[in-house]
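Sequential numbering from -4 applies to the sequence shown in my numbering.
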Amino acid sequence: MTRKPVSKSAAKTAKNPSAKARDGASIPAEVVETIERALDPLTSALKRAALKRADKQASQFTEKPTVEVPVAKGALPVSPLAVPFPKMPPIPGVQLATGRAGFYKHDREDLLVMRFAKGTSAAGVFTRHGIGSAPVDWCKKHLEMTKGADVRALVVNAGCANSFTGKPGADAVRRVASATAKRFDCRQRDVMVASTGVIGVLLDDGKITHRLPEVESRLTDDGWAGAANAIMTTDTFPKGAYAEATIEGEKVRIAGICKGSGMIAPDMATMLAFVATDAAISPTALQTLASLYTRTTFNCVTVDGDRSTNDTLLLFATGQSGAPNIARAGDKRLADFRDKLEAVLLDLALQLVRDGEGASKFVKITVTGAESPASARKIARTIAESPLVKTAFAGEDANWGRIVMAVGRADEPIDRDRVSVKFGPLVAAQDGLISPTYDEAKMSAYMKNQELEVAVDVGVGKGSAAVWTCDLTKQYVAINGDYRS
C-alpha cells in the first residue's frame, strides 16, 4: 500500500492521512513516500504482500496455541467472532504485573504495570483527536523530550480515561509517573502512562499509587494474558499476538496486547496497544516503523467510525536478544523483523474488529480500480462505516444498492458505468448495472457466513485498499446505552 503521486482531487482526500509522527501531526504524502523509498527493496515486496498476509493471518487464528484466560465478573458475553489468546512466552527485558485499583464496581483487575530493562527504546503513535487526554499528552511530551531513549516503565488503568480533565488530570498523571519512578529508581519522564474508560472523569491517582507496592511485588516475566485482561473495558475477550523473527541469525521475539471494542475508527484506531520486542533498535528507527505500519494495520479497521481521545500505540525494544543494534529502519538486516512486526500489529487490529461491540459479522471491504491508494482507502472506509451498509450485514441482506450508495458519497473519482460489486465470489453488480448472473438465493446463503468479503471496483485507475469492519446490531445500541450505568 505504498503511496503514489496523486492528482489534486485525490490529494485533497489525502490531506488527513493515517500516517503520523509521534506528536500526532500528519506526515505529508511526499515524506511518507521518502521514508518508504529509504527502506530496503524488500519493503515494497512486503507491502504488496500485506493484504495476502492479512487474509492468511485471519484464517490461522484458530490454529494458534492458546491459553485459558478467566473472564472477569460482570463482563459482557463473549463475541461470537472471538479468537483464543495465543501462548506468549516472556520477552527478555520485560516484566508485567496486574492489580485491582478499584475503578470498577465489580471485582476485576484494572491496573497494569510493565517494567523494562535499562536502555529500552520506545516509540509511540497517538490519537489525532482534538480533545486528547492527559495520558496521551504526557507520553507525547516525554517521548519527545527523551527521544524515546531509556524508557523504564508503563502504567495503564482501565475504567477512567482521564480525558477532558484539564490541569487536575495532568497533575494526576504526573503523580502516578512520579510514584512509579521512585519505586523503579528512574526519572518520571522515563515512565509512560495510558488510561481507558469513561471520558470526563478525573483520575483518582491515589487508587493507583496505593497499589504500586503490591503490584511491583508481583512483577513476572510471564504475564501477558493477565495484562491483556486487565486493560479491557467493553472488550469481551483479551487480545494478544506473538511472532519470532531473525536478525543476522539471532532470534528476536515480538509480543503485543491491545484493547478496543467500540469507538473504533481508522486514523489511529481507538484502542490501547502495547508491543515489546527484545531486538536492539534505535528509538528513531523504532518510531519510523511504528508510524509506517500503523497505516496498514490499526488505521485499516473500523467498528463504528468514532475516534477516541485516548488512542495509544507504544512500541518498546529492550535490546536483550543478543542481536546487533540496528540504527536505521531501512537496514536490510531488519527485513524479517519488519515483516513480523507488521504481522503482529495487523493481528491485533483484526481482533479489535472481531470484538466490535455487538458484532456478529467480520467483514473485509476491498476497493480496487481507484485513482490512488488514498482514494481507495477513503471509499473503503465510507462503505465500512455506513450505518445502512452495516445494518444490512447484520440482517444478512446482500443489499448491493447500499454499497453503491456509499461508494458515491465518498466524493472520490469513480466511473459509474464501470463500477462492480461482489459479495465473496458472487457478482452482484457490474458495468453500472445489476449482474445478469445475480442470484438472490445464493446471495442470501452467502450472507449467513460469519466472515464476509465485499469487493468493489470503481473503474478509474489502479489504486487499491482494504478496510476491515463488522456489522451494526441492536446489541451495539444496548451496550453503549448502558455504558455508564
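Note that beta-carbon positions come from the ideal geometry of N, C-alpha and C, so glycine has one too.
C-beta contact flag for Ala238 and Lys335 at 8 Å:
Translated into the one-based positions of the sequence shown, residue 238 becomes position 243. Translated into the one-based positions of the sequence shown, residue 335 becomes position 340. For Ala238 and Lys335, yes; Cβs fall inside 8 Å.
I need the boundaries of the alpha helix (DSSP H) containing Phe179, first residue and last residue.
Along the sequence shown, read from residue 1 onward, the residue named residue 179 stands at position 184. That run of the alpha helix (DSSP H) goes Gly161 to Phe179.
With distances taken Cα to Cα, identify the nearest neighbour of Arg213 among Leu107, Ala450 and Ala129.
Within the sequence shown, the letter at position 218 stands for residue 213. When each option's Cα is compared against that of Arg213, the closest is Leu107.
Which residues does DSSP list as the beta-bridge partners of Met400?
Residue 400 sits at position 405 when you count from the first residue of the sequence shown. Its beta-bridge partners do not exist; DSSP assigns none.
What does a CB cutoff of less than 6 Å around Met227 pick up in its chain, not counting 5 residues either side in sequence?
By one-based count along the sequence shown, residue 227 stands at place 232. The answer, listed in chain order, is Lys254.
Helix, strand or coil: how does DSSP classify Val339 here?
Translated into the one-based positions of the sequence shown, residue 339 becomes position 344. Of the three classes helix, strand and coil, the one that applies to Val339 here is helix, per DSSP.
Limits of the unbroken alpha helix (DSSP H) element including Thr283
Locating residue 283 in the sequence shown gives position 288, where the first residue counts as 1. That run of the alpha helix (DSSP H) goes Pro278 to Arg290.
Nearest to Lys234 (by Cα), restricted to the options Ala222, Thr241 and Val168:
For the purposes of this step, residue 234 is identified with residue 239 of the sequence shown, where counting begins at 1. Residue Ala222 is the option with its Cα nearest to Lys234.
8 Å contact criterion, which Thr313 and Thr115 should meet: CB distance rounded:
Position 318 of the sequence shown, counting from 1, holds the residue named residue 313. Position 120 of the sequence shown, counting from 1, holds the residue named residue 115. Yes, Thr313 and Thr115 are in contact; Cβ-Cβ is about 5 Å, under 8 Å.
Please report the straight-line C-alpha distance between Ile252 and Asp350, rounded to a whole angstrom.
Looking up residue 252 in the sequence shown gives position 257. Looking up residue 350 in the sequence shown gives position 355. Taking the straight line from one Cα to the other gives about 14 Å.
Can you list, in chain order, the residues of its chain with a C-beta nearer than 8 Å to that of Ala564? Leave out the 5 residues immediately preceding and following it.
No statement about residue 564 is possible, as the shown extent of the chain runs from -4 to 480 and does not include it.
Classify Val26 as helix, strand or coil using the three-state DSSP reduction.
Locating residue 26 in the sequence shown gives position 31, where the first residue counts as 1. Here the model assigns Val26 a pLDDT of 43, short of 50, so the residue's position is not dependable, and the following value carries that caveat. In the structure shown, Val26 sits in a helix (DSSP, three-state: H, G or I).
Classify Val472 as buried or exposed, calling it buried when 16 or more other Cβ atoms lie within 10 Å of its own Cβ.
On the sequence shown, residue 472 is found 477 positions in, with the first residue counted as 1. It counts as exposed.
Limits of the alpha helix (DSSP H) - the one that Lys320 falls within:
On the sequence shown, residue 320 is found 325 positions in, with the first residue counted as 1. The displayed chain sequence assigns Asn, not Lys, to residue 320. Per DSSP, Asn320 belongs to no alpha helix (DSSP H) and is neither H nor E.
Note down the Cα distance separating Ala53 from Thr291, rounded to an integer number of angstroms.
Here residue 53 refers to the residue found at position 58 of the sequence shown. Here residue 291 refers to the residue found at position 296 of the sequence shown. With a pLDDT of only 41 at Ala53, under 50, the local geometry of the prediction cannot be trusted, and the value read off the model is given with reservation. If I take the Cα positions, the gap works out to 15 Å.
What distance in whole Å lies between the Cβ atoms of Asn152 and Asp185, which are believed to be in contact at a cut-off of 8 Å?
Indexing the sequence shown from 1 puts residue 185 at position 190. Indexing the sequence shown from 1 puts residue 152 at position 157. Their Cβ separation, rounded to whole angstroms, is 19 Å, which puts Asp185 and Asn152 out of contact at 8 Å.
Nearest to Leu421 by CA position, among Asp331, Ala440, Ala96 and Ala280, is which residue?
Residue 421 sits at position 426 when you count from the first residue of the sequence shown. Looking at the Cα atoms, Ala440 is the closest of the given residues.
Pull up the DSSP beta-bridge partners for Leu308, would you.
Mapped onto the sequence shown, residue 308 falls at position 313. According to DSSP, which records beta bridges pairwise, Leu308 is partnered with Val120 and Ala268.
In terms of alpha-carbon separation, which member of Ile409, Ile249, Gln315 and Ser316 lies closest to Ser367?
Counting from 1 along the sequence shown, the entry for residue 367 is found at position 372. When each option's Cα is compared against that of Ser367, the closest is Ile409.
Range of the contiguous beta strand (DSSP E) that encloses Gly94:
Against the sequence shown, residue 94 aligns to sequence position 99. It spans Val89 to Gly94 - the beta strand (DSSP E) in which Gly94 sits, taken as one unbroken run.
Please state if the CB of Gly427 and the CB of Asp412 are separated by a distance shorter than 8 Å.
In the sequence shown, counting from the first residue as 1, residue 412 sits at position 417. In the sequence shown, counting from the first residue as 1, residue 427 sits at position 432. Taking 8 Å as the Cβ cut-off, Asp412 and Gly427 qualify as a contacting pair.
Which value, in whole angstroms, describes the spacing of the CA atoms of Phe418 and Arg404?
Translated into the one-based positions of the sequence shown, residue 418 becomes position 423. Translated into the one-based positions of the sequence shown, residue 404 becomes position 409. Straight-line Cα distance between these residues: approximately 20 Å.
Distance, Cα to Cα, Glu391 vs Val462?
Stepping through the sequence shown from its first residue, residue 391 is reached at position 396. Stepping through the sequence shown from its first residue, residue 462 is reached at position 467. Answer to the nearest angstrom: the Cα atoms are 19 Å apart.
Scan the region 218 to 252 and note each continuous alpha helix (DSSP H) run of 4 residues or more that stays entirely inside, going in chain order.
219 to 225
Three or more beta-carbon pairs under 8 Å between the region 135 to 143 and the region 196 to 203, yes or no?
no
When the distance is taken between beta carbons, is Leu91 closer than 8 Å to Cys155?
In the sequence shown, residue 155 corresponds to position 160, counting from 1. In the sequence shown, residue 91 corresponds to position 96, counting from 1. In this structure, Leu91 does not lie closer than 8 Å to Cys155 by Cβ.
Restricting to Cα atoms, I'd like to know which of Pro208, Phe293, Asp216 and Leu467 is closest to Phe111.
For the purposes of this step, residue 111 is taken as the residue at position 116 of the sequence shown. Ranking the options by Cα distance to Phe111, first place goes to Asp216.
Can you name the start and end residues of the alpha helix (DSSP H) that Arg372 belongs to?
Your numbering for residue 372 matches position 377 in the sequence shown. Run containing Arg372: Pro368 to Glu380, per the alpha helix (DSSP H) assignment.
If you draw a straight line from the alpha carbon of Leu267 to that of Asp342, how long is it in whole angstroms?
Taking the first residue of the sequence shown as 1, we reach residue 267 at position 272. Taking the first residue of the sequence shown as 1, we reach residue 342 at position 347. Going by the C-alpha atoms only, they are around 14 Å apart.
Does the Cβ of Ala82 have 16 or more other Cβ atoms within 10 Å, making it buried, or fewer, making it exposed?
Reading the sequence shown from its first residue, position 87 is the one you call residue 82. For the record, residue 82 in the displayed sequence is Lys; it is not Ala. By the neighbour-count rule (16 or more Cβ atoms within 10 Å), Lys82 is not buried but exposed.
What residues in its chain sit with their C-beta under 8 Å from that of Glu243, if we drop five residues either side in the sequence?
Along the sequence shown, read from residue 1 onward, the residue named residue 243 stands at position 248. Same-chain partners within the cutoff: Ala318, Pro319 and Arg328.
Extent of the continuous alpha helix (DSSP H) run through Ser415:
Counted from its first residue, the sequence shown places residue 415 at position 420. Careful: Ser415 lies outside any alpha helix (DSSP H), inside the beta strand (DSSP E) at Ser415 to Phe418.
Looking at Glu352: is its Cβ nearer than 8 Å to the Cβ of Tyr288?
Counted from its first residue, the sequence shown places residue 352 at position 357. Counted from its first residue, the sequence shown places residue 288 at position 293. Taking 8 Å as the Cβ cut-off, Glu352 and Tyr288 do not qualify as a contacting pair.
Ile203, enclosing alpha helix (DSSP H) - first and last residue
Locating residue 203 in the sequence shown gives position 208, counting from the first residue. Where Ile203 is concerned, the enclosing alpha helix (DSSP H) stretches over Asp200 to Ser212.
Among Thr93, Ala165, Gly396 and Ala393, whose alpha-carbon lies nearest the alpha-carbon of Asn224?
Counted from its first residue, the sequence shown places residue 224 at position 229. Asn224 has its Cα closest to that of Thr93, out of Thr93, Ala165, Gly396 and Ala393.
Proximity to Ala322 [Cα-Cα], best of Thr297, Ala275, Phe332 and Phe311
Walking along the sequence shown from the start, residue 322 turns up at place 327. Closest by alpha carbon: Ala275.
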